[in-house]
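Number of protein chains: 2
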Amino acid sequence: MTEKVVIIGGGAAGPKTAAKLRRENPDIKIDLYTQEDIISYSACGLPYYIENIIQSPETLIMRTPADFQKQNIDIHLKQKCIKINTDDKTVQIEDLISGNKYEVSYNTLVIATGAIPDLPNISNRNLKNIYTLRTIQDGINIKNKMQTSKNAVILGGGYISIELMEAFVQNNLNVTLIEKNSQILKMFDEDFAQMVTDYIIGRNPGQVTILTNEEVVAFSGNEEKEVTKVITSSGKEINADIVVLATGVRPNTDFLQGSDIKLGINNSIKVDKTLKTSKQGIYAVGDCTDNYNLITNRYTWVPMGSTANKEGRCAAINISGGSCFFDGILNSTITKYFNLTISIIGISYREAQELGFQPEFAIVTKRDKAGYMPNTGTMTLKLIADKNTQTILGIQGIGEGDVNQRINTVIPAILGKTKLESFMNLDLPYSPPYSPAIDPVLNAAQIIYHKING
Amino acid sequence: MTEKVVIIGGGAAGPKTAAKLRRENPDIKIDLYTQEDIISYSACGLPYYIENIIQSPETLIMRTPADFQKQNIDIHLKQKCIKINTDDKTVQIEDLISGNKYEVSYNTLVIATGAIPDLPNISNRNLKNIYTLRTIQDGINIKNKMQTSKNAVILGGGYISIELMEAFVQNNLNVTLIEKNSQILKMFDEDFAQMVTDYIIGRNPGQVTILTNEEVVAFSGNEEKEVTKVITSSGKEINADIVVLATGVRPNTDFLQGSDIKLGINNSIKVDKTLKTSKQGIYAVGDCTDNYNLITNRYTWVPMGSTANKEGRCAAINISGGSCFFDGILNSTITKYFNLTISIIGISYREAQELGFQPEFAIVTKRDKAGYMPNTGTMTLKLIADKNTQTILGIQGIGEGDVNQRINTVIPAILGKTKLESFMNLDLPYSPPYSPAIDPVLNAAQIIYHKING
Numbered sequence: 084m085t086e087k088v089v090i091i092g093g094g095a096a097g098p099k100t101a102a103k104l105r106r107e108n109p110d111i112k113i114d115l116y117t118q119e120d121i122i123s124y125s126a127c128g129l130p131y132y133i134e135n136i137i138q139s140p141e142t143l144i145m146r147t148p149a150d151f152q153k154q155n156i157d158i159h160l161k162q163k164c165i166k167i168n169t170d171d172k173t174v175q176i177e178d179l180i181s182g183n184k185y186e187v188s189y190n191t192l193v194i195a196t197g198a199i200p201d202l203p204n205i206s207n208r209n210l211k212n213i214y215t216l217r218t219i220q221d222g223i224n225i226k227n228k229m230q231t232s233k234n235a236v237i238l239g240g241g242y243i244s245i246e247l248m249e250a251f252v253q254n255n256l257n258v259t260l261i262e263k264n265s266q267i268l269k270m271f272d273e274d275f276a277q278m279v280t281d282y283i284i285g286r287n288p289g290q291v292t293i294l295t296n297e298e299v300v301a302f303s304g305n306e307e308k309e310v311t312k313v314i315t316s317s318g319k320e321i322n323a324d325i326v327v328l329a330t331g332v333r334p335n336t337d338f339l340q341g342s343d344i345k346l347g348i349n350n351s352i353k354v355d356k357t358l359k360t361s362k363q364g365i366y367a368v369g370d371c372t373d374n375y376n377l378i379t380n381r382y383t384w385v386p387m388g389s390t391a392n393k394e395g396r397c398a399a400i401n402i403s404g405g406s407c408f409f410d411g412i413l414n415s416t417i418t419k420y421f422n423l424t425i426s427i428i429g430i431s432y433r434e435a436q437e438l439g440f441q442p443e444f445a446i447v448t449k450r451d452k453a454g455y456m457p458n459t460g461t462m463t464l465k466l467i468a469d470k471n472t473q474t475i476l477g478i479q480g481i482g483e484g485d486v487n488q489r490i491n492t493v494i495p496a497i498l499g500k501t502k503l504e505s506f507m508n509l510d511l512p513y514s515p516p517y518s519p520a521i522d523p524v525l526n527a528a529q530i531i532y533h534k535i536n537g
Numbered sequence: 084m085t086e087k088v089v090i091i092g093g094g095a096a097g098p099k100t101a102a103k104l105r106r107e108n109p110d111i112k113i114d115l116y117t118q119e120d121i122i123s124y125s126a127c128g129l130p131y132y133i134e135n136i137i138q139s140p141e142t143l144i145m146r147t148p149a150d151f152q153k154q155n156i157d158i159h160l161k162q163k164c165i166k167i168n169t170d171d172k173t174v175q176i177e178d179l180i181s182g183n184k185y186e187v188s189y190n191t192l193v194i195a196t197g198a199i200p201d202l203p204n205i206s207n208r209n210l211k212n213i214y215t216l217r218t219i220q221d222g223i224n225i226k227n228k229m230q231t232s233k234n235a236v237i238l239g240g241g242y243i244s245i246e247l248m249e250a251f252v253q254n255n256l257n258v259t260l261i262e263k264n265s266q267i268l269k270m271f272d273e274d275f276a277q278m279v280t281d282y283i284i285g286r287n288p289g290q291v292t293i294l295t296n297e298e299v300v301a302f303s304g305n306e307e308k309e310v311t312k313v314i315t316s317s318g319k320e321i322n323a324d325i326v327v328l329a330t331g332v333r334p335n336t337d338f339l340q341g342s343d344i345k346l347g348i349n350n351s352i353k354v355d356k357t358l359k360t361s362k363q364g365i366y367a368v369g370d371c372t373d374n375y376n377l378i379t380n381r382y383t384w385v386p387m388g389s390t391a392n393k394e395g396r397c398a399a400i401n402i403s404g405g406s407c408f409f410d411g412i413l414n415s416t417i418t419k420y421f422n423l424t425i426s427i428i429g430i431s432y433r434e435a436q437e438l439g440f441q442p443e444f445a446i447v448t449k450r451d452k453a454g455y456m457p458n459t460g461t462m463t464l465k466l467i468a469d470k471n472t473q474t475i476l477g478i479q480g481i482g483e484g485d486v487n488q489r490i491n492t493v494i495p496a497i498l499g500k501t502k503l504e505s506f507m508n509l510d511l512p513y514s515p516p517y518s519p520a521i522d523p524v525l526n527a528a529q530i531i532y533h534k535i536n537g
């Protein structure tokens, strides 16, 4: 039995590991160190806090240090791990308040240091009112500044940018999103990314601008060192009272450079299916670890709160002597822009081609309920399957209808490599308030099957 | 190539077969005979028409005979098939208007005669204002009578009864539902049936009564032969201006008794996976056919509009020289009572025990979105898995939250016999407006896995 477990990191995965460990082991010592002054919060909820759908930042906190203390888990705030010594099983911690450094020994170590913004190199990046969004304090700062702002610029065209755009639009700011690639949402096929762009622009024409193939080269500011303009490679000068850099994140693993803990893709920590790192007695969970993609059979890095929670739970079971395998991921993501659901699972048609699959696709636009029912919503689904194996490689879904239900219906079929022939006649429950007699996702499967097999 | 296809039956499966056949074959002759005066309608939408969510009965009609005529499909209304002569490949038809009988020859025959009410033997069943609900005319009659009624009695405790109860409650009638078994919704486990009962009663106490273990022995009427009371085996006399017999249906196959077309369970027509009957050149689709249950590996009879549509499509492909296999069903059903979604897939815990499985179950009550988001709904899920194979046997879901999404997530996993160990870490997309970080259905799987494996 492990006597002393040290956990580094306080976002989602670390606290989840701690809580599950305690449920499995009433007696072991559990210490969690985090550089932040807050733990166990939902970073994914921050855009909704900024939008003011959620009023108080405390709402996003799942459990406080006091809650953990009741479970006899010691939380150490503002304590940053700066080094791991795997030989004598200690971690070096820096007290961010006093500046003191000290060592802590462990029997089992869990690294859950998450991800940090991967900042672009842009002149005058340190002007005031230029933010990233990762911590609760970031969210508070952005929300405060938003109240007195008229013009916002968001760098990057991923999910967080779209969620922030909703927040700013809802609060009557003009918003410009700047993406250096030729499309926003780069994991989607171009046609679907364009549909999202069209929806966003169409909903608030004049208020919202999306620039692609455009790079920010500099910010300019006023005498108070506040940002006032964003300057792009094509020479555009865009007024900005507030700027958010949402150009991506990278694993928070700089402190492991030169250690004997093996790193993988993007410097994420290599873990096996039991969440063990390359060093005995050291586990890693959450956004700092690599991920195995079950469709491509390649390692990837897709930091997601849901994966963090599952990995934390799984690692705790394994540390406790149980057996839990986290097999891998399917690149499943979802977000929304007002009423529009946006989701992709698996790989796009473009990626399938790049990876050497023989992909076929079907696009259907359908209502989500029987056509004669009130309040139906439409959705457009793009299902991608491999001609050779006749199995599903991915699905993209966009619409005001219930996309999530259809997306989720496909996921176990991707995992189980269900043949299209079986999937297209899948016995989904039917009632007019819930779906058409033949569900849109089955329509899409029928079309692909027909395209492949005639 | 088939030259002349005759289809008998005009509900969902027959018209679907006709339409798909025409798309696949521009040149063959297609004739559809139905005893009704209307075709291609959604019987599943009738309760919503009665409730007045849908105003006009025409809304439920997918395609009219004129629409079919444009596709060169001949629809013959009020023409009832009374006999099939498989030796000389003819069907005998009775013209219900003139009473004349005549023969029609076919190269390929498709039987799609659906199901008819299975009426209980009760004294004075022929009094006025005692209805069944199967055809559009039934719906019109019930809706008309409902307008002037105060007290409704529904016999039977299945989905249609619950949908009708909603319609009547919404239109301010007092409603009594009478079920002869010890619970309503007999495919559910008792605990879940009770939860539905409690919700129904709790929503409109005083207005709604559910009687179980109670059988109707007689109706009594007034001088105009209108029903006025329903009399039960325990001696209750319940006032009724309108009665609906929703005690179940049976395959409409009486005209096949004594023919050489093999019948199966409940006198449904035995079909193989290509929808062929035991006689060459004769297919059967929809509510009149038997169904193969992919979990129990037994034949069953579960008449569903979704299955009818899939079978019609599949049969048309096979008749056209293509290849389509309809492997079977998972007993998937869903309905609602106002905001409460009610769904079951696969088999219940009780049925799993009866069939010799080694079932384990988990019940979870969870919110459908991140807890801090507004407008979350709760749901209770009961997941059932087999200890030996560690695969899922079924799921029951009830709640005002998004049950359908979770139910659908389980279905391909049942089909694919996905192990619990894989399923419980399934990569479902997460975002606060769509689900908690660990989805309720994965929580349930984790609990069962833990119960089975420690």
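Protein sequence lines, in the order shown, are assigned to chains G and A. The opening residue of the first sequence carries number 84 in the numbering used here; numbering runs sequentially from there. The opening residue of the second sequence carries number 84 in the numbering used here; numbering runs sequentially from there. Just so you know, even glycine gets a beta-carbon here, dropped at the ideal spot from N, CA and C.
- In the displayed model, V300(A) falls within a strand according to three-state DSSP.
- If you draw a straight line from the Cα of D355(A) to the Cα of D370(A), it comes to about 15 Å.
- The C-beta distance from I412(A) to I425(A) rounds to 18 Å, too long to meet the 8 Å contact threshold.
- Ranking G182(G), Y189(G), K452(G), T336(G) by CA distance to the CA of P200(G) puts T336(G) first.
- For T330(A), no beta strand (DSSP E) segment is defined, and its DSSP state is neither H nor E.
- Comparing alpha-carbon positions, the option among A435(G), I344(G), Y242(G), G395(G) lying closest to N380(G) turns out to be A435(G).
- In this model, K211(G) and K308(G) are separated by some 6 Å (Cα to Cα).
- Apart from the 5 residues on each side of it in sequence, G94(A) sits with its Cβ closer than 6 Å to the Cβ of G197 in its chain, given in chain order.
- The residue among K184(G), N257(G), N227(G), R396(G) with its C-alpha nearest the C-alpha of A235(G) is N257(G).
- A496(A) is positioned such that its CB atom lies closer than 8 Å to that of I475(A).
- Judged by DSSP secondary structure, C397(G) falls within the alpha helix (DSSP H) whose first and last residues are 388–402.
- Around the CB of Y242(G), 16 or more other CB atoms lie within 10 Å, so the residue is classed as buried.
- Inclusion of V313(G) and N287(G) in the CB contact set at 8 Å is not warranted, their separation being larger than that value.
- Listed in chain order, the non-local C-beta contacts of S303(A) below 7 Å within the same chain comprise N207, T311, K312, I314, local neighbours out to five positions each way being set aside.
- Chain-order list of chain G residues neighbouring E504(A): F408, by C-beta distance under 7 Å.
- Note that the C-beta distance between I430(G) and Q479(G) is not below 8 Å.
- Of the candidates P130(A), A96(A), N414(A), S139(A), A96(A) places its Cα closest to the Cα of S123(A).
- Listed in chain order, the positions of the stretch 116–135 of chain A with a beta carbon within less than 8 Å of a beta carbon of chain G are S125, C127, G128, Y131.
- If you look at F251(A), you'll find it in the alpha helix (DSSP H) that goes 242–253.
- The beta-carbon of D272(A) is placed no less than 8 Å from the nearest beta-carbon of chain G.
- Excluding sequence positions up to five before and after K263(A), its CB lies within less than 6 Å of the CB of E298, all in the same chain and listed in chain order.
- Residue environment: G405(G) is assigned as exposed (fewer than 16 neighbouring CB atoms within 10 Å of its CB, all protein chains considered).
- Within the stretch 441–462 of chain A, the residues whose Cβ lies closer than 8 Å to any Cβ of chain G are, in chain order, A453, Y455, M456, P457.
- In the structure shown, I293(G) adopts extended strand secondary structure according to DSSP, grouped into three states.
- Segment contact: the stretch 483–500 of chain A against the stretch 497–509 of chain G, three or more CB-CB distances shorter than 8 Å; contact assigned.
- Secondary structure at E309(G): strand, using DSSP grouped into helix, strand and coil.
- Note: P200(A) is bridge-paired with V332(A) in the DSSP secondary-structure output.
- Interface with chain G (8 Å Cβ-Cβ cutoff): Y517(A) is included.
- Residue nearest to E141(G) within the set Q152(G), V291(G), L129(G) is L129(G) (criterion: CA-CA distance).
- Interface flag for G499(G) against chain A is set, since a Cβ pair is found closer than 8 Å.
- When secondary structure is reduced to three states using DSSP, G285(A) falls in the helix class.
- Ranked by Cα distance from K353(G), the options I446(G), K103(G), Y382(G) are led by Y382(G).
- The CB of I428(G) comes closer than 7 Å to the CB of P512 in chain A, given here in chain order.
- Not one beta carbon of chain A lies nearer than 8 Å to the beta carbon of A276(G).
- At the C-beta level, W384(G) and N374(G) come within 8 Å of one another.
- Of M507(G), T472(G), S518(G), the smallest CA-CA separation from N487(G) is found for S518(G).
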